[in-house]
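Protein chains in written order, with this note's numbering: chain V, 1 to 116; chain E, 117 to 232; chain Y, 233 to 348; chain R, 349 to 464; chain L, 465 to 580; chain H, 581 to 696.
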């Protein structure tokens with residue numbers, strides 16, 4: 001299944017999440033709610049937290065995680081310039097091995113803008 | 117080539133393994149036989165070893181390795197509950213970055229059950 | 233601080249854990265209790281789960297995590313032969329880059345036996 | 349050489365940086381100036397960028413990189429609560445394998461506060 | 465988009481690079497030129513450097529990076545036997561987790577030969 | 581145990597290797613001989629292979645592996661300029677997260693030269 005644009009990405013997640021819940025025990029389910037909780041606004045606002053999630057996903061090179069955080073960043077009004085700076089830090093920290101992921105990230109981000 | 121179900125996964129492996137052997141030197145070929153040997157029953161039984169291979173593949177986030185070990189686990193009678201507990205440990209050790217791989221893993225595992 | 237034997241390892245953990253709790257927010261504290269929960273006996277027994285934690289720590293190359301799981305394995309009666317097989321799988325999956333960690337792991341494991 | 353507090357950490361860096369420059373070719377030297385440039389204020393302020401560097405270092409589990417960014421965060425006035433939230437995101441994304449690094453990070457961070 | 469042969473791989477790169485440049489700030493653009501510079505002949509010749517890039521990409525398990533360096537190696541006259549030895553070292557260092565990437569690498573390499 | 585110079589590094593290896601062999605099963609022992617075999621001269625000479633081992637160890641950020649390959653490189657007559665170019669490629673591929681390892685690597689390399 002291809003998930004290179006927001007619609008297909010979210011459809012795939014939706015379809016697979018049903019199975020994910022079905023095969024999740026108590027520990028796994030509690031982890032999922034912690035995962036949501038970690039990005040709620042606190043001393044740092046949600047926007048900053050989503051950019052933290054984005055750079056962490058980039059240096060760990062997980063395309064789906066990158067796409068997820070890009071959608072959140074887009075919803076929270078992160079600008080093109082801000083994403084470029086998050087990407088630059090991820091690239092410097094993680095090196096050229098992140099470039100193929102950055103290529104796919106900017107393509108996905110560009111598509112998010114076109115949805116507007 | 118898509119390899120999201122057992123049949124296409126095994127077909128792809130079969131096709132690519134021919135080339136793999138053709139471009140393998142002595143060191144590489146010996147590694148492959150060690151790789152097989154490591155999972156043979158000993159002080160630990162094969163089932164435990166395949167679950168060890170599964171959790172190692174999950175935290176290192178290699179989809180094809182996960183699928184391979186899921187097939188072995190399935191063949192050896194690992195239950196849904198057992199896989200869920202292996203997945204929970206992989207998720208706790210490896211963090212949310214493993215979630216997209218878990219999503220694909222449970223989808224593949226679910227398909228294995230339907231083959232029965 | 234050196235932590236190459238059980239006593240100094242556990243002393244360091246004890247000292248640092250105080251600070252860890254002091255600087256942990258709700259999300260972090262909940263993660264810690266999930267981390268404990270994941271290794272409780274269920275469909276898989278505790279011994280199997282600690283070996284899963286051990287191999288995951290080995291392929292991710294975290295010395296302190298390896299030591300922690302080796303202590304748990306030791307407490308639960310995992311034998312030398314079983315540890316050797318867990319290590320062999322970690323080595324095959326993770327490659328020669330794990331060898332320095334294995335060197336330190338067997339040294340720590342050997343020390344655990346001498347405590348008896 | 350131990351580098352668990354700011355003074356010894358900065359002394360070690362100072363001593364080793366001389367050798368580092370001596371064995372750096374043009375590419376390496378240019379990388380170092382890019383590395384500095386990436387954290388300069390722009391669309392995102394320096395404080396946000398240092399927190400991005402911190403979370404990236406945490407999920408990639410590099411103690412020295414974590415210490416470096418903690419010093420920068422401290423200099424820029426990042427609060428305890430903010431660090432705790434950065435750490436919580438790193439822990440959720442990177443999993444329990446990051447815990448030993450978090451233990452050392454909060455100990456180092458605590459020491460920075462005592463310097464004041 | 466599938467990129468399993470040279471033509472489709474290079475087409476995808478070409479298409480995405482336009483977006484990549486559009487969303488690259490000064491730091492990112494400078495990194496790209498450093499990335500090119502690092503592989504220019506010096507004390508080590510270009511061929512050796514591309515093999516270094518290849519083994520680094522293999523142990524870090526980045527398919528697109530592997531493909532890129534395989535194309536460069538092919539252009540510079542690296543032989544099948546030489547690639548097999550680079551692959552063997554990557555496999556030994558990185559372990560069985562690299563095998564799916566090696567499978568795809570040799571398939572791509574084999575295709576490069578057929579272009580001649 | 582500190583291993584920042586050749587003598588103490590080799591002493592530590594020597595001491596720990598005894599235990600390593602004692603706790604190694606057949607699979608592990610065979611892996612060790614494969615590991616040696618992979619670096620023997622073939623289509624590529626030993627010097628090139630040790631530089632491949634060095635860059636792979638650098639991007640995977642294993643200090644002990646780096647030190648081991650630096651000793652081999654030194655024994656085989658790799659020059660300062662050549663090491664600098666290997667390091668530059670590792671830095672570009674692996675990013676700033678490799679810098680603390682590079683700092684320790686050049687310090688170790690510098691010490692090897694002084695032994696002469």
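Every residue, glycine too, gets a C-beta built ideally from N, C-alpha and C.
Could you give the first and the last residue of the continuous alpha helix (DSSP H) run that contains residue 507 of chain L? Translated into positions along the fifth chain, residue 507 of chain L becomes position 43. Segment: none, residue 507 of chain L is in no alpha helix (DSSP H) and carries neither H nor E.
Limits of the unbroken alpha helix (DSSP H) element including residue 267 of chain Y: Residue 267 of chain Y sits at position 35 when you count from the first residue of the third chain. Looking at the DSSP string, the run of the alpha helix (DSSP H) that includes residue 267 of chain Y is 258-269.
Would you call the CB atoms of residue 274 of chain Y and residue 201 of chain E closer than 8 Å? Locating residue 274 of chain Y in the third chain gives position 42, counting from the first residue. Locating residue 201 of chain E in the second chain gives position 85, counting from the first residue. Yes.
Tell me which residues share the same chain as residue 286 of chain Y and place their Cβ nearer than 7 Å to its Cβ, disregarding the 5 neighbours each side in the sequence. The residue you call residue 286 of chain Y lines up with position 54 of the third chain. The answer, listed in chain order, is 298, 301, 302, 305, 318.
What's the call for residue 45 of chain V, buried or exposed, on a 16-neighbour Cβ count within 10 Å? For the purposes of this step, residue 45 of chain V is identified with residue 45 of the first chain, where counting begins at 1. When all chains shown are included, residue 45 of chain V counts as exposed.
Distance between residue 526 of chain L and residue 64 of chain V (C-alpha atoms, nearest Å): To locate residue 64 of chain V, count along the first chain from 1; it is residue 64. To locate residue 526 of chain L, count along the fifth chain from 1; it is residue 62. Here the alpha carbons of residue 526 of chain L and residue 64 of chain V stand approximately 15 Å from one another.
Buried versus exposed call for residue 253 of chain Y [16 or more other C-beta atoms within 10 Å across all chains shown]: For the purposes of this step, residue 253 of chain Y is taken as the residue at position 21 of the third chain. So residue 253 of chain Y ends up on the exposed side.
Measuring CB to CB, does residue 49 of chain V end up less than 8 Å from residue 437 of chain R? As a working mapping, residue 49 of chain V is identified with position 49 in the first chain. As a working mapping, residue 437 of chain R is identified with position 89 in the fourth chain. It is a contact, given that the beta carbons lie within the stated cut-off.
Please check the pair residue 325 of chain Y and residue 172 of chain E, which I expect to be a contact at CB under 8 Å, by giving their CB distance rounded to whole angstroms. For the purposes of this step, residue 325 of chain Y is taken as residue 93 along the third chain, with counting starting at 1. For the purposes of this step, residue 172 of chain E is taken as residue 56 along the second chain, with counting starting at 1. Indeed they touch by this definition, with Cβ atoms about 4 Å apart.
Within 8 Å, do at least three Cβ pairs link the stretch 443-457 of chain R to the stretch 244-253 of chain Y? Contact between the stretch 244-253 of chain Y and the stretch 443-457 of chain R is present, because at least three Cβ pairs lie under 8 Å.
In whole angstroms, what separates the C-alpha of residue 661 of chain H from that of residue 363 of chain R? The sequence position of residue 661 of chain H within the sixth chain is 81, counting from 1. The sequence position of residue 363 of chain R within the fourth chain is 15, counting from 1. Residue 661 of chain H and residue 363 of chain R: Cα-Cα distance of roughly 21 Å.
Does the Cβ of residue 356 of chain R have 16 or more other Cβ atoms within 10 Å, making it buried, or fewer, making it exposed? Numbered from 1 along the fourth chain, position 8 holds the residue referred to as residue 356 of chain R. Exposed: under 16 other Cβ atoms inside 10 Å.
Segment limits, alpha helix (DSSP H) that includes residue 435 of chain R: By one-based count along the fourth chain, residue 435 of chain R stands at place 87. That run of the alpha helix (DSSP H) goes 428-442.
My output table needs one value for residue 540 of chain L: the three-state DSSP class, helix, strand or coil. If you number the fifth chain from 1, residue 540 of chain L lands on position 76. In this structure, residue 540 of chain L counts as coil in the three-state DSSP scheme.
Burial state of residue 693 of chain H, where buried means 16 or more other Cβ atoms lie within 10 Å: Counted from its first residue, the sixth chain places residue 693 of chain H at position 113. When all chains shown are included, residue 693 of chain H counts as exposed.
Give the straight-line distance between the Cα atoms of residue 679 of chain H and residue 383 of chain R, rounded to the nearest whole angstrom. As a position in the sixth chain, residue 679 of chain H is number 99, starting the count at 1. As a position in the fourth chain, residue 383 of chain R is number 35, starting the count at 1. Their Cα atoms are separated by approximately 10 Å.
Using a Cβ-Cβ cutoff of 7 Å, what residues of the stretch 211-231 of chain E are near chain R? List them in chain order. 211, 212, 213
So which residues on chain E does residue 628 of chain H lean against when the C-beta distance must stay under 8 Å? Start at 1 with the first residue of the sixth chain, and residue 628 of chain H comes out as number 48. Per Cβ cutoff of 8 Å: no residues; residue 628 of chain H is ~15 Å from chain E at best.
Between Y:315, Y:328, Y:242, Y:264, which has its C-alpha nearest residue 445 of chain R's C-alpha? As a first step, residue 445 of chain R is located in the fourth chain; it is residue number 97 there, counting from the start. Residue 445 of chain R has its Cα closest to that of Y:264, out of Y:315, Y:328, Y:242, Y:264.
What is the DSSP secondary structure of residue 237 of chain Y, reduced to helix, strand or coil? Translated into positions along the third chain, residue 237 of chain Y becomes position 5. Note: residue 237 of chain Y maps to coil in three-state DSSP.
Count the other C-beta atoms from every protein chain shown that fall within 10 angstroms of the C-beta of residue 604 of chain H, then say buried if there are 16 or more, exposed otherwise. As a working note, residue 604 of chain H is residue 24 in the sixth chain. Its Cβ being crowded by 16 or more others within 10 Å, residue 604 of chain H is buried.
If we define contact as Cβ-Cβ less than 8 Å, is residue 38 of chain V a contact residue for chain Y? Along the first chain, one-based indexing puts residue 38 of chain V at 38. Cβ-Cβ to chain Y under 8 Å: yes for residue 38 of chain V.
Does residue 698 of chain H come out as helix, strand or coil in the three-state DSSP assignment? One cannot answer for residue 698 of chain H here, as it falls past the ends of chain H, which runs 581 to 696.
Chain-ordered chain Y contacts of residue 30 of chain V [CB-CB under 7 Å]: Here residue 30 of chain V refers to the residue found at position 30 when the first chain is read from its first residue. Ordered by position in chain Y, the residues that pass the 7 Å Cβ test against residue 30 of chain V are 266.
Would a check of beta-carbon distances place residue 139 of chain E closer than 8 Å to chain L? Position 23 of the second chain holds residue 139 of chain E. Contact with chain L is found for residue 139 of chain E, since one of that chain's Cβ atoms lies less than 8 Å from the residue's Cβ.
Under three-state DSSP, which class holds residue 603 of chain H? For the purposes of this step, residue 603 of chain H is taken as residue 23 along the sixth chain, with counting starting at 1. When secondary structure is reduced to three states using DSSP, residue 603 of chain H falls in the coil class, being assigned neither helix nor strand.
C-beta contact flag for residue 52 of chain V and residue 400 of chain R at 8 Å: Within the first chain, residue 52 of chain V is the residue found at index 52, counting from 1. Within the fourth chain, residue 400 of chain R is the residue found at index 52, counting from 1. Yes, the pair counts as a contact, with Cβ atoms nearer than the cut-off.
For chain H, check one thing: does any of its Cβ atoms lie closer than 8 Å to the Cβ of residue 237 of chain Y? In the third chain, the residue the question calls residue 237 of chain Y occupies position 5. Closer than 8 Å: no.
When the cut-off is 8 Å and only beta carbons count, does residue 529 of chain L lie next to chain V? Here residue 529 of chain L refers to the residue found at position 65 of the fifth chain. True, the Cβ-Cβ gap to chain V drops below 8 Å.
Boundaries of the alpha helix (DSSP H) in which residue 103 of chain V is found, first to last residue: For the purposes of this step, residue 103 of chain V is taken as residue 103 along the first chain, with counting starting at 1. That run of the alpha helix (DSSP H) goes 99-114.
Quick check: residue 238 of chain Y and residue 343 of chain Y, are their CB atoms within less than 8 Å of each other? Along the third chain, read from residue 1 onward, the residue named residue 238 of chain Y stands at position 6. Along the third chain, read from residue 1 onward, the residue named residue 343 of chain Y stands at position 111. Cβ atoms of residue 238 of chain Y and residue 343 of chain Y: closer than 8 Å.
By the three-class DSSP mapping on this structure, what secondary structure does residue 176 of chain E have? Within the second chain, the letter at position 60 stands for residue 176 of chain E. Coil.
Mind checking if residue 433 of chain R is an interface residue toward chain Y, Cβ cutoff 8 Å exclusive? As a position in the fourth chain, residue 433 of chain R is number 85, starting the count at 1. Yes, residue 433 of chain R lies at the interface with chain Y (some Cβ there is under 8 Å from its Cβ).
Partners in chain E for residue 62 of chain V, counting only beta-carbon separations shorter than 8 Å: Taking the first residue of the first chain as position 1, residue 62 of chain V is located at position 62. Simply 177, 213, 216.
Cα-Cα separation between residue 235 of chain Y and residue 490 of chain L, rounded to whole angstroms: Within the third chain, the letter at position 3 stands for residue 235 of chain Y. Within the fifth chain, the letter at position 26 stands for residue 490 of chain L. Rounded to the nearest angstrom, the two C-alpha atoms are 44 Å apart.
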